Structure formats: C-alpha cells, structure tokens
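Protein sequence lines, in the order shown, are assigned to chains A and B. Read in our numbering, the first sequence has 74 at position 83, and its numbers run on one by one without any break. Read in our numbering, the second sequence has 38 at position 47, and its numbers run on one by one without any break. Quick reminder that beta carbons are idealized off the backbone N, C-alpha and C, glycines included. Just so you know, these numbers come straight off a predicted model, no measurement behind them. Remarks on the structure that follows.
Number of protein chains: 2
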Amino acid sequence: MHFTSEQRLDDGVLEREFTLGEIPGILWTPASASAPAPLILLGHPTLGLRRMYPRLVARAQQAAADGFATATIELPESGDRPRWPAAEQARADLRRAMEAGEPVSDEIIDALVLPLVDQAVPEWQAALDALLSLPEIGGPVGYSGGVISIGVRLAVVEPRISAAVLFAGSFVPRAILEEARQVTIPLHVLLQWDDEGNDRQATLDLFDAFGSKEKTLHANMGGHTGVPQFAGDAAAQFFTRHLR
Amino acid sequence: MHFTSEQRLDDGVLEREFTLGEIPGILWTPASASAPAPLILLGHPTLGLRRMYPRLVARAQQAAADGFATATIELPESGDRPRWPAAEQARADLRRAMEAGEPVSDEIIDALVLPLVDQAVPEWQAALDALLSLPEIGGPVGYSGGVISIGVRLAVVEPRISAAVLFAGSFVPRAILEEARQVTIPLHVLLQWDDEGNDRQATLDLFDAFGSKEKTLHANMGGHTGVPQFAGDAAAQFFTRHLR
C-alpha cells in the first residue's frame, strides 16, 4: 500500500489516496483520534471512484464525525482499470434485454455479477490486510454499500467484518441468494422502494434469506440515489451500535 | 371526558384514567411541560387495555421523555365493552379457517375488520376533540400503533393527524388497501419480518399503496411482540422529526 497524495478536508478529516498493487483507493481518517479508529469499508457501484467521489466523501465525513475511519478501492473494470471482454459481452446482453423490454435472464445476471464478486472480494480482503496494519486503524470493521452481492460474499468469507449496511440496487445472482443463508453478522439493508432500476422482489428475497439473527430492512422513497438524510442517519446509528 | 383516577409514575409522568361516554381511556402527560405538549394517540390490538397496559405505559413513558403527551382508548368490543354477535361470528369463522389450514377469505377479513374500523375511528376522533380541549395538550398530533386499518382510515379522514407510525400485524381488508392510496402524511411502518401470524405480503402491498411522499418501512426480526429497542427508538425519532 503506497500513499500517493494527502489532503485535509474542511472538517479536518485526512484524505489519502493510495494504490494497492494496480488498484487505486482512498482512506479517510477522523481529524483527531486518540485511539486506533474502527473502520468502515465503503462499497459503491461500478461507476468508478472518480464519479462516485462526491457521495463517497460525504459518507466518509459523516462516518469520521462518528469516530470511524473509512476506505474504498476501485472495483475491477471500473475507473481506469482494464475491462474484460466477457463482462463487456454481459453488459451488452443486459442492455439488449432491457431495451427489448425482456426479463433479464439468470444467465445474464450471473455473467454480469459473479466474476465481479469473485475478483472484488479478495481485493477488498487485501485492502483490509493493508489498512489494519496501519497504526491509526483498529477494529472492528464494517462494510457499507453496494454492490450488494460483494457485501454478501464478504460477510460470508471475511470474519473480520462484524456488521454490514447493504444497499440494494443491483442484480442478485441465485448463487448469492444461497450464500446469504450463511450470513450471521448484524445487517442493515437499505432499499429505495421507488428505485425503478432495482428488482424490489429480489431484495426482499435476499433479505428473507439472510441467516442473521439481527437484520433490519429500511425501505424509503426518493429514487435510486435519493436515500433520505434520516435513512443515512439510521445507518450511521447502526454502525455506532455495532462497531463502537 | 371525565377523569376517574390519577397517579404519578416513577419518572414523574402523570397517568390519568378517563371515560368518554362509555369508553375508558388513559392519558399520560410529561412530568413537567412549559408549553402545551404535542400528542400521540397510542393504537393497540383488540386485546383490551388492561392486558395491553404494560406495553402501552412503556411507550407512553418513552414518548413523555421526548416531550409528548400520549393517550389511548379501549377499542370497540375489547376489555369490558359489549361484544357484537356479527363480530363473534367473524372470529369463529377465522378460527375455523386457520385451524383447518385454509386461506382466510376476503369475506372473513372484511367482516372482522371493517365494522371495527367504522366504529373505532369516530371514537378516536371524539377522543381527539376532548384531548385537544385540555390546556396541557397542544398539537401536532400523531397516531402510533395498530390496528393498522384503523391507522389508515384515521390518516385519511382526520386532518389533525400529521404523522403516523403504523404497526403491521393484523389482517388488511381490500377496501383499506384502496383507502391507503389517499394517505399523504409522513408514515413510518413497522413490520416484524418473522411474525408468523402476520401476512407479510399484505403489509408490503399496503406500504406500496400509500400515497405519502415520505414513507418508510422498517422490517425487523424478533416475532410479533419482539420489536427491538432500536426500532422503537427509530419510531420515536420519526415523531420527534415530525411533531416537534
């Protein structure tokens, strides 16, 4: 892990860009911390860190105000990272199905999401290794955001993650629905009820499948990107309850 | 409205029992209030006030800590109030269907719930008239609880109610689902996901139907009566956001 730039934000939060091998990432730490901070990994959709930056930094600053360090990495195939022909094909198939008004088949969803999960999850785990070796970062660790299938897999395979806020809004392969039964950590799932691009029933099925004894679904209005402020506050309270 | 008894609880909350014509009720007001308090009407299932008292007083005390007065009345046919033969018949039909493992028909649900809503709603409105005439009670007014169909009808017909927390967990007639489209006040709906006696899909359909621009569904684990403490806190925050 190599830090490549560093700046203080208005509120004193320290923002550092880094690379982990080929993968760019960003780490935010609270303005002042007397002890190693608990960490929240900030998941995000496959739109690239640059485009997601405004929303990510807002989440990082809210988390820092609650005493959390946050970090994110570029997803495979996003931003300036190389594209895979097979994934390009899956995206083209998806576009064709949606433009034709056809249901999106399980095959398309699998081809689109499963390779992404398979590659992204070990990358998040490598980032976690590096982040937890920093003296200013302690534990426990949470995961917050989408791609929801990445969050599910991480919750299953990564014992250092002890609570997760999962954002619905992307396709969920059948295999991930099955993996969800193995999740046991506390979960807080955000669903934008009127998100037209989201398969609401798939989210409800996924929520039902989770094996966790504490799981909460918060459904709100406001469209895909319109998560209300009070819903963000509730997610922050969830992490404060479980990671502090 | 006649007060029939009065006591101070441990935390200084003033609890007064009253009758409104034939209908018994309870009013709780905060220990100290400098201005007329906003009011939350505490809805509850048809188990009778006496049986519901422990849960009601806990909700009243939490609300009082947030500066709210709360009040509740006995529902028609509950507690010591007279039974109706038609409703007894509907309950017997329901028991028979459930014991036989048959689906509960729309006819049974209508016969069970609609007469209750038709009678209870004007009673809540009469209680509201009386409560708002007390100098220590101001506005705005919220409704909190079940029977969810009573809450829906009140939200439609009673303009003095400006926000509602609705507890899923009772049958919802088709006609109430239609009325739900006319609801426009902010709503916070609580669903116990693993409540076996509740028709989860009916609650999701009802939530979908509400016309409100701000509506939130909180689904949690813990069975019918096991609403987690943090979910109660979130409902309290909803009222603080809308009624203070």
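{"Query": "Within 8 angstroms (strictly less), CB to CB, does F(-6) (chain A) reach chain B?", "Result": "no"}
{"Query": "With a threshold of 8 angstroms, are at least 3 pairs of Cβ atoms found where one atom belongs to the region 71 to 82 of chain A and the other to the region 100 to 107 of chain A?", "Result": "yes"}
{"Query": "One question on the structure: do I14 (chain B) and S135 (chain B) come within less than 8 angstroms of each other, judged by their Cβ atoms?", "Result": "no"}
{"Query": "Suppose the cutoff is 7 angstroms on Cβ atoms and the five residues either side in sequence are ignored; what does the same chain contact list for A117 (chain A) look like?", "Result": "L11"}
{"Query": "Mind listing the chain A neighbours of N211 (chain B)? Cutoff is C-beta to C-beta under 7 angstroms, in chain order.", "Result": "T207"}
{"Query": "On the three-state DSSP scale, how would you describe H35 (chain A)?", "Result": "coil"}
{"Query": "What are the start and end residues of the beta strand (DSSP E) that includes P76 (chain B)?", "Result": "Element bounds for P76 (chain B): not the beta strand (DSSP E) but the alpha helix (DSSP H), P76 to E90."}
{"Query": "For P219 (chain B) and E79 (chain A), what's the separation of their Cα atoms in angstroms?", "Result": "45 angstroms"}
{"Query": "Can you pull the chain B residues whose beta carbon is under 8 angstroms from the beta carbon of R232 (chain A), in chain order?", "Result": "F221"}
{"Query": "Grouping DSSP H, G and I as helix and E and B as strand, with all else coil, what is P150 (chain A)?", "Result": "coil"}
{"Query": "Just to make sure I have the definition right: I need the residues of chain B whose C-beta is within less than 8 angstroms of the C-beta of A171 (chain A). Which are they?", "Result": "None at all; the shortest Cβ gap to chain B is about 14 angstroms."}
{"Query": "D97 (chain A): which of A:I167, A:A55, A:R41 and A:V48 sits nearest, CA to CA?", "Result": "A:I167"}
{"Query": "Measuring straight from C-alpha to C-alpha, what distance separates I139 (chain A) and E187 (chain A)?", "Result": "17 angstroms"}
{"Query": "Out of B:V180, B:G160, B:R144 and B:R46, which has the shortest C-alpha to C-alpha gap to E170 (chain B)?", "Result": "B:R144"}
{"Query": "Do G58 (chain A) and P21 (chain A) have their C-beta atoms within less than 8 angstroms of each other?", "Result": "yes"}
{"Query": "When the Cα atoms are used, what is the spatial distance from R191 (chain A) to A146 (chain A)?", "Result": "21 angstroms"}
{"Query": "Provide the residue(s) that pair with Y134 (chain A) in DSSP beta bridges, ordered along the chain.", "Result": "A:L32 and A:A155"}
{"Query": "Of all the options A:I176, A:F9 and A:R165, which has the alpha carbon lying nearest to the alpha carbon of M(-8) (chain A)?", "Result": "A:F9"}
{"Query": "Counting contacts by CB-CB distance shorter than 8 angstroms, is A225 (chain B) in contact with chain A?", "Result": "yes"}
{"Query": "Assuming G16 (chain B) is part of the beta strand (DSSP E), what are its boundary residues?", "Result": "I14 to T20"}
{"Query": "Which residue wins for smallest C-alpha separation from M212 (chain A), given the options B:G213, B:T216, B:F201 and B:N211?", "Result": "B:F201"}
{"Query": "For Q(-2) (chain B), is the classification buried or exposed, using 16 other Cβ atoms within 10 angstroms of its Cβ as the cut-off for buried?", "Result": "exposed"}
{"Query": "Suppose the cutoff is 8 angstroms on Cβ atoms and the five residues either side in sequence are ignored; what does the same chain contact list for H209 (chain B) look like?", "Result": "H179, V180, L181, L182, A222, A225 and A226"}
{"Query": "Do G34 (chain B) and G137 (chain B) come within 8 angstroms of each other at the CB atom, strictly closer than that value?", "Result": "yes"}
{"Query": "Which stretch, first to last residue, makes up the beta strand (DSSP E) that contains T207 (chain A)?", "Result": "K206 to N211"}
{"Query": "Taking 6 angstroms as the limit between beta carbons, can you name the residues of its chain near T231 (chain A), skipping five residues before and five after?", "Result": "D57"}
{"Query": "In angstroms, rounded to a whole number, what distance separates the CA positions of R42 (chain B) and V174 (chain B)?", "Result": "31 angstroms"}
{"Query": "When you compare only the Cα positions, how much space is there between A154 (chain A) and G92 (chain B)?", "Result": "39 angstroms"}
{"Query": "What does DSSP give as the partner residues of G128 (chain A) in its beta bridges?", "Result": "The sequence given here places Ile at residue 128 (chain A); Gly does not occur at that position. I128 (chain A) pairs with A:A28."}
{"Query": "Count the other CB atoms within 10 Å of the CB of A28 (chain A); is the residue buried (16 or more) or exposed (fewer)?", "Result": "buried"}
{"Query": "What's the C-alpha gap between R7 (chain B) and V132 (chain A)?", "Result": "48 angstroms"}
{"Query": "Restricting to Cα atoms, I'd like to know which of B:S124, B:A26, B:E68 and B:I17 is closest to Y44 (chain B).", "Result": "B:I17"}
{"Query": "For E170 (chain A), which three-state DSSP category applies?", "Result": "helix"}
{"Query": "Please classify F(-6) (chain A) as buried or exposed, where buried requires at least 16 neighbouring CB atoms within 10 angstroms.", "Result": "exposed"}
{"Query": "Could you check the C-alpha separation between A111 (chain A) and E68 (chain A) for me, to the nearest Å?", "Result": "10 angstroms"}
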